[in-house]
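Trainee:
In mature numbering (1 follows the signal peptide of the UniProt record, and there is no 0), the protein residues as written are -28 to -1, 1 to 280.
1) What residues in its chain sit with their C-beta under 6 Å from that of residue 112, if we drop five residues either side in the sequence?
2) Candidates 190, 74 and 83: which alpha carbon is nearest residue 98's?
3) Do residue 265 and residue 149 have their CB atoms nearer than 8 Å?
4) Please determine, among 242, 261 and 18, the residue with the shortest C-alpha to C-alpha distance to residue 204.
5) If we count the other Cβ atoms within 10 Å of its Cβ and call it buried at 16 or more, is residue 189 buried or exposed?
6) Where do the ends of the alpha helix (DSSP H) carrying residue 53 lie?
7) Quick test of the definition: if touching needs 3 or more C-beta pairs under 8 Å, does the region 166 to 175 touch the region 228 to 236?
8) Are the CB atoms of residue 207 and residue 131 within a distance shorter than 8 Å?
9) Taking Cβ positions, are residue 95 and residue 110 nearer each other than 8 Å?
10) Mind reading off the beta-carbon distance from residue 250 to residue 129? Whole number of angstroms is fine, and I expect it under 8 Å.
11) Out of 14, 16 and 43, point me to the one whose CA is closest to residue 28's CA.
12) Give me whichever residues DSSP pairs with residue 282 in a beta bridge.
13) So is the beta-carbon of residue 133 under 7 Å away from any non-hydrogen atom of the ligand ZN?
14) With a Cβ-Cβ cutoff of 8 Å, do residue 298 and residue 92 count as a contact?
15) Does residue 196 pass the burial test, meaning 16 or more other C-beta atoms within 10 Å, or should it be called exposed?
16) Using DSSP with H/G/I as helix, E/B as strand and the rest coil, what is residue 140?
17) For residue 78, which option in 133, 118 and 54 has the closest C-alpha, if you only look at C-alpha atoms?
18) Please say whether residue 210 and residue 268 have beta carbons closer to each other than 8 Å?
19) Kindly indicate which three-state DSSP category residue 229 falls into: helix, strand or coil?
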């Protein structure tokens, strides 16, 4: 019969405290009084405060933009004999974990597979177009190489997310990836679409997953998530039942849905997040705005594996 270890009288060991935390607030070891707490400055450290409680006091000045996270730290509990599995705490400003609204610049977003070796930066457009598009980035076809057999583009370019969207985004599980797409130029009739409109809208990659062999998931274009060139707001659920499929890395095998553990593992170590910009076989201009990773319910998953 299985037994459950009690950590009611256990001690708390703080494992990871990101350097960004000290600029955005203070994590302290004493719960009361809140304002007289002693900041934690190094890890690992044993928490000695009342009932193993911590307090986070945000900075009075500055802080992260809305819809982003203040910090994230990890911990374990021990009763002197047994040690719990690692827990994770994420402190956010709102429902968003990380966002790009492009209010000032391209925010380090790039464009890949557009005929330019090594990729390039997206273009910044500080104007508004309608309700959903205000100060945005865009890309255009640099080179068009059509396949002789199908007429599709041989290279499909993507918007490539910056570092702040990558790494350990475990808490996005059960949340969503939101963004807005729009086009000012191009023919988006069905017969003009690459792959007859069946390409991959979003690609998630983890190069260290599967024992460093790498894992790639994609959200295919479909009747649920399609694009016709008009200004469109997308919200892609981030869980294994939402329609994501796994690259088998074999052209004769089908792409298949991931398991929960597989999906969590990729979100825990994202190395690439790309959003399709090249939908048609001809020239087009596609804009991207309001990209956000929204957090899920934050419930622990048995298959979660921490990453540094």
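Each residue gets a CB set at the ideal place from its N, CA and C atoms; glycine is no exception. Source: prediction; values computed, not measured.
Mentor: On the basis of the supplied data:
1) Contacts found: 257.
2) Closest by alpha carbon: 74.
3) Yes; because the gap between Cβ atoms is below 8 Å, this pair is in contact.
4) When only C-alpha atoms are compared, the closest one is 261.
5) By the 10 Å Cβ count, residue 189 comes out buried.
6) No alpha helix (DSSP H) contains residue 53, which DSSP labels as neither H nor E.
7) Taking a contact to require three or more Cβ pairs closer than 8 Å, the region 166 to 175 and the region 228 to 236 do not qualify as touching.
8) With a cutoff of 8 Å on beta-carbon distance, residue 131 and residue 207 are scored as not near each other.
9) In this structure, the beta-carbon distance from residue 95 to residue 110 falls below 8 Å.
10) Between the beta-carbon of residue 250 and that of residue 129 there is about 4 Å, and that keeps the pair under the 8 Å contact cut.
11) The option with the nearest alpha carbon to residue 28 is 43.
12) With the chain covering -28 to 280 only, the question about residue 282 has no answer from this structure.
13) Absent from the structure shown: the ligand ZN. Ligands present: none.
14) The structure shown does not extend to residue 298, since the chain is modelled only from -28 to 280, so the question has no answer here.
15) By the 10 Å Cβ count, residue 196 comes out exposed.
16) Three-state DSSP puts residue 140 in coil, outside helix and strand.
17) Comparing Cα positions, the closest option is 133.
18) Remark: C-beta atoms of residue 268 and residue 210 approach each other more closely than 8 Å.
19) Correct three-state label for residue 229: coil.
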